[in-house]
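What the sequence shown shows, in the numbering used here, is residues 2 to 389, in sequence order.
Idealized CB from N, CA, C, for every residue including glycine.
Since this is a predicted model, take the numbers as computed values, not measurements.
Since the structure comes first, as structure tokens, the remarks are kept for the end.
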Amino acid sequence: MTDLQDAFSFPDEFDIAPVRLTVDLGALVDNWQEMARRSAPARAAAVVKADAYGLGIEDCGTALYEAGARDFFVAVMQEGMTLRSFAPDARIYVLSGIWPGQEANFYDHGLVPVLASEEQLAFWLSVTAEHGDHPCALQVDTGFNRLGLPLEDAIALADDVSRPASFSPVLVLSHLFSGDAPSSASNRAQLDAFLRLAQAFDGIELSLAASAGIFLGSEFHFDLTRPGIAVYGGRAVNDGENPMQPVARAEARILQIREAKQGETVSYGGTTTLARDSQLAIVAAGYADGYLRSLSGSGVPLRAAVEGGAYGFVAGRRVPVVGRVTMDLTIFDVTDIPSSEIRTGDYVELFGVNIPLDEAASCGGTIGYELLTSLGLRYERRYLYPEA
Ligand SMILES: *Cc1c(COP(=O)(O)O)cnc(C)c1O
């Protein structure tokens, strides 16, 4: 580098960001391919709702598309319209279906509404009568009691010979409510219900399994699987090892290291009293960054559900959160790290490579899905691209 370049070089934003997020798109693609491999001969879709689980629909959607994904699920129309610009010929399913007034966008952007109620079905029939045929999907409830046409209504619809020819679902889907618990008898019950549907909708593609359902085995795979959390590195099944690679790493910078004496209290409410003279690292992330208040070391009613607060990782060691997490700041106990090994400006990993996403989440009484989709707007993001 010449002196001139040196004089005019600015630091990389990522290297100085108070909070930063690394998204490993290579790991994302590997995870999706692993889900596709486990799903075969069924096809694997990619679920990219909620801004690709908080990690960025543009970068994640593009990487998955380039890896070969051609079926995508989003929650709402707007997400589908965004995705369309970088997934030109993909099939994009909108899980919440369609509202009156959205027809033009569904047709123009080639989005497939997932119809889930009698009202949506009736509305869709009127839309296709007026605007011509357009693919739709049908969501059927097999025991979740969430979104979906009741099972018997769906079977009656399939058998209804007077059903207009314009009603042409390209996919019939249902969703497991305890797929994360492989021993739950409900999985078999939902599978049996879905098999009845499969018989009624003979010749139409079928989809039952999300990430967890893929791990339940091939009977659950049908034609198309819908992995979400596993692609983002999260835990899909409650027990045992999580075989997925971590994708997201959240880090926050140490703003200050302070000494505090035994007997003093820490953070709002003074709910932690120090048992020893301590070194505390004040870190630039809080609940506004999705580092949930329930991750606090103490003093939060939500925390009653779980034993300890969360841990961060810095200088090769795990360090516990002390006291309450606040909006923009969190305090970690770094007493056990020699002062020569830690200083202001260092980054503490909140979750990622050393602190698994799901471990951090469980310390806050929640799940990896919620931690990822709560990340907020302040992170400086860096995307690592898969090697060609
Ligand atoms: C969110 C969602 C998925 C993906 O679930 P994961 O557990 O993240 O794999 C699949 N299907 C439906 C209907 C969903 O709502």
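Under 6 Å: does the beta carbon of residue i sit that close to some heavy atom of ligand 1?
{"i": "alanine 28", "result": "no"}
{"i": "arginine 227", "result": "yes"}
{"i": "serine 219", "result": "no"}
{"i": "serine 212", "result": "yes"}
{"i": "valine 77", "result": "no"}
{"i": "histidine 176", "result": "yes"}
{"i": "isoleucine 230", "result": "yes"}
{"i": "valine 48", "result": "yes"}
Tell me the DSSP secondary structure of residue i in three-state form.
{"i": "valine 349", "result": "strand"}
{"i": "phenylalanine 1", "result": "The requested residue 1 is not part of the displayed model; the chain covers only 2 to 389."}
{"i": "glycine 309", "result": "coil"}
{"i": "glutamate 206", "result": "strand"}
{"i": "serine 127", "result": "helix"}
{"i": "glutamate 388", "result": "coil"}
{"i": "glutamate 342", "result": "helix"}
{"i": "isoleucine 156", "result": "helix"}
{"i": "serine 375", "result": "coil"}
{"i": "tyrosine 94", "result": "strand"}
{"i": "glutamine 280", "result": "strand"}
{"i": "valine 232", "result": "coil"}
{"i": "isoleucine 17", "result": "helix"}
{"i": "proline 101", "result": "coil"}
{"i": "phenylalanine 466", "result": "The structure shown does not extend to residue 466, since the chain is modelled only from 2 to 389, so the question has no answer here."}
{"i": "valine 320", "result": "strand"}
{"i": "glutamine 34", "result": "helix"}
{"i": "glutamate 381", "result": "strand"}
{"i": "leucine 177", "result": "coil"}
{"i": "alanine 201", "result": "helix"}
{"i": "proline 170", "result": "strand"}
Which residue wins for smallest C-alpha separation from residue i, given the options the options?
{"i": "tryptophan 33", "options": "Arg259, Val248 and Gly369", "result": "Val248"}
{"i": "isoleucine 338", "options": "Val349, Val326 and Phe168", "result": "Val349"}
{"i": "serine 40", "options": "Pro151, Ile230 and Glu220", "result": "Glu220"}
{"i": "alanine 362", "options": "Arg382, Phe87, Tyr288 and Arg344", "result": "Tyr288"}
{"i": "leucine 209", "options": "Gly144, Arg250 and Ile258", "result": "Gly144"}
{"i": "aspartate 109", "options": "Ser97, Leu126 and Asp90", "result": "Asp90"}
{"i": "glycine 241", "options": "Asp181, Ile356, Ile343 and Thr327", "result": "Asp181"}
{"i": "tyrosine 207", "options": "Ser185, Gly229, His176 and Gly235", "result": "Per the sequence shown, residue 207 should be read as leucine rather than tyrosine. Ranking Ser185, Gly229, His176 and Gly235 by Cα distance to leucine 207 puts His176 first."}
{"i": "cysteine 364", "options": "Arg382, Leu378 and Gly298", "result": "Gly298"}
{"i": "phenylalanine 372", "options": "Ala53, Ala211 and Tyr292", "result": "According to the sequence displayed, residue 372 carries leucine and not phenylalanine. Residue Tyr292 is the option with its Cα nearest to leucine 372."}
{"i": "serine 279", "options": "Leu296, Arg304 and Thr336", "result": "Thr336"}
{"i": "leucine 148", "options": "Val171, Leu96, Leu126 and Gln191", "result": "Leu96"}
{"i": "glutamate 342", "options": "Gly317, Leu358 and Val354", "result": "Gly317"}
{"i": "cysteine 244", "options": "Glu252, Val232 and Tyr386", "result": "The amino acid at residue 244 is misidentified as cysteine; the sequence shows proline. Answer by Cα proximity: Val232."}
{"i": "alanine 88", "options": "Leu112, Thr63 and Val75", "result": "Thr63"}
{"i": "phenylalanine 202", "options": "Ser185, Leu22, Asp193 and Leu172", "result": "Leu172"}
{"i": "leucine 196", "options": "Arg382, Ser185, Ala211 and His222", "result": "His222"}
Rounded to whole angstroms, what's the CA-CA distance from residue i to residue j? Just pull it up for me.
{"i": "threonine 129", "j": "isoleucine 283", "result": "58 Å"}
{"i": "glycine 366", "j": "tyrosine 384", "result": "29 Å"}
{"i": "threonine 273", "j": "alanine 261", "result": "12 Å"}
{"i": "phenylalanine 352", "j": "aspartate 160", "result": "50 Å"}
{"i": "phenylalanine 107", "j": "glycine 270", "result": "51 Å"}
{"i": "arginine 44", "j": "aspartate 224", "result": "6 Å"}
{"i": "valine 1", "j": "leucine 174", "result": "Summary: the structure shown does not reach residue 1, with the chain confined to residues 2 through 389, and so no result is reported for it."}
{"i": "arginine 189", "j": "alanine 237", "result": "18 Å"}
{"i": "proline 321", "j": "serine 340", "result": "17 Å"}
{"i": "aspartate 31", "j": "glycine 204", "result": "32 Å"}
{"i": "threonine 331", "j": "proline 151", "result": "47 Å"}
{"i": "serine 268", "j": "alanine 286", "result": "14 Å"}
{"i": "glycine 324", "j": "aspartate 72", "result": "45 Å"}
{"i": "isoleucine 156", "j": "valine 162", "result": "12 Å"}
{"i": "leucine 376", "j": "aspartate 60", "result": "16 Å"}
{"i": "glutamate 153", "j": "valine 141", "result": "9 Å"}
{"i": "glycine 310", "j": "arginine 319", "result": "12 Å"}
{"i": "alanine 28", "j": "glutamine 263", "result": "44 Å"}
{"i": "phenylalanine 314", "j": "isoleucine 58", "result": "28 Å"}
{"i": "alanine 18", "j": "serine 118", "result": "46 Å"}
{"i": "arginine 227", "j": "threonine 266", "result": "48 Å"}
{"i": "glycine 214", "j": "proline 136", "result": "25 Å"}
{"i": "aspartate 290", "j": "tyrosine 370", "result": "15 Å"}
{"i": "phenylalanine 124", "j": "proline 114", "result": "11 Å"}
{"i": "glycine 346", "j": "leucine 275", "result": "24 Å"}
{"i": "proline 1", "j": "alanine 105", "result": "Residue numbering for the chain in the displayed model covers 2 to 389; residue 1 lies beyond these limits and cannot be assessed."}
{"i": "serine 179", "j": "leucine 198", "result": "19 Å"}
{"i": "methionine 2", "j": "aspartate 13", "result": "Confidence at methionine 2 is low in this model, with a pLDDT of 46, below 50, so the placement of that residue should be treated as unreliable; the coordinate-derived value is given next. Cα to Cα, methionine 2 sits roughly 16 Å from aspartate 13."}
{"i": "proline 302", "j": "isoleucine 230", "result": "28 Å"}
{"i": "alanine 47", "j": "arginine 294", "result": "31 Å"}
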